[in-house]
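This report concerns only the one structure given below.
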Amino acid sequence: MENSVFTVLSVMMLLLLGTRHLQRVEALQLPTISWCDPVELSWCLQAVVSTIPPTAKCCKKLKGQESCLCSELGDPTFGGYIKLPGFKNVCTTCNVTFPDCLQFSD
């Protein structure tokens, strides 16, 4: 009985240590991960659908989503806005480069 309790406790301790190690690895990687959130593009919608220049907040949010634009293209809510010509203008103004997946016709 004492041996099986020791075994169970040992396994639990190993699992706990393994979990802590994974948390540390994830914590180290967090600054390099870009979180894709199409809602962040909502800051730019007014500039996309009108001739109003994008705000600094829009440009900051758009820059943060730059690596996500291809995946956000398929978003049912915001994907349509990405396809509009106004989106290209906003990106140009905000100095956001286009990934290959974005094709705009002038």
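Per mature numbering (1 follows the signal peptide of the UniProt record, and there is no 0), the sequence shown runs over residues -27 to -1, 1 to 79.
Just so it is clear, CB atoms sit at the ideal spot from N, CA and C, and this is done for glycine as well.
**Q.** First and last residue of the uninterrupted alpha helix (DSSP H) at E39
**A.** Unbroken run through E39: none, as it is neither H nor E.
Q) On the three-state DSSP scale, how would you describe L75? A) coil
Q | Closest Cα partner of K61 within the set E13, C32, T50 and S44 | A | C32
Q. Helix, strand or coil: which one does DSSP assign to K56?
A. coil
**Q.** T66 vs P26 beta-carbon contact at 8 Å
**A.** yes
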